[in-house]
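Numbering (the numbering used here), first residue to last: 1 to 131.
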C-alpha cells in the first residue's frame, strides 16, 4: 500500500474496517511525507471516508460534502444525516512532542453508501490501492 511510490497523486483504499478510528489514529504520522510528495490517500469504508491530503488541491472536500448530502436527500433523507469534518493542518507526533503539519484531513461519516465517494475519486483519476 504505497501511494508515495506510485505515479498517481491521489490514492484510495476500500476497507472493511467498521469505523475510521484506526486511520484517524495512525495516518497523521504520514502527513509530512504526503505533503512533501504532494500526494493524498483516502480510506473508504461502507459508511465513511477518511482522507489525508498533502496538497489540498487534490480533492475538493466541499464538493465531496455536497455530493454526499445530495445522495442522502435522494435516498429519502431518513436516519442520521451524513457529517463532514475537515482540517487544514494535522497534529503529527514526533517522540513526545507534537508538530502541526499543513496538510488537509477530512472525515465523512454516516454515508448512505460509499459509491458517491468512489465516483468522485474515479473522476479525479485516483489510483485504487490494494493492500
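Heads up, the beta-carbon is just placed ideally off N, CA and C, and yes, glycines get one too.
In whole angstroms, give me the CA-to-CA distance for residue i and residue j.
i           : j          : result
residue 103 : residue 91 : 9 Å
residue 29  : residue 93 : 7 Å
residue 56  : residue 63 : 13 Å
Shorter than 8 Å, the distance from the beta carbon of residue i to the closest heavy atom of the ligand SAH, or not?
i          : result
residue 42 : In the structure shown, the ligand SAH is absent, as is every other ligand, since no ligand is present at all.
Across which residues does DSSP place residue i in a beta bridge pair?
i           : result
residue 107 : 50 and 85
Let's see if you can read the secondary structure: which residues bound the beta strand (DSSP E) around residue i?
i          : result
residue 99 : 97 to 101
When DSSP labels each residue in this structure, what does residue i get in the three-state scheme?
i           : result
residue 8   : coil
residue 62  : helix
residue 34  : helix
residue 39  : coil
residue 73  : helix
residue 130 : coil
residue 68  : helix
If you follow the alpha helix (DSSP H) that residue i is part of, which residue opens it and which one closes it?
i           : result
residue 119 : 115 to 123
residue 25  : 21 to 26
- Do the stretch 38 to 47 and the stretch 7 to 15 touch if we need at least three Cβ pairs shorter than 8 Å? Yes, they touch.
The stretch 101 to 120 in contact with the stretch 64 to 84 per 3-pair CB rule at 8 Å: The stretch 101 to 120, when compared against the stretch 64 to 84, does touch it at the 8 Å Cβ threshold.
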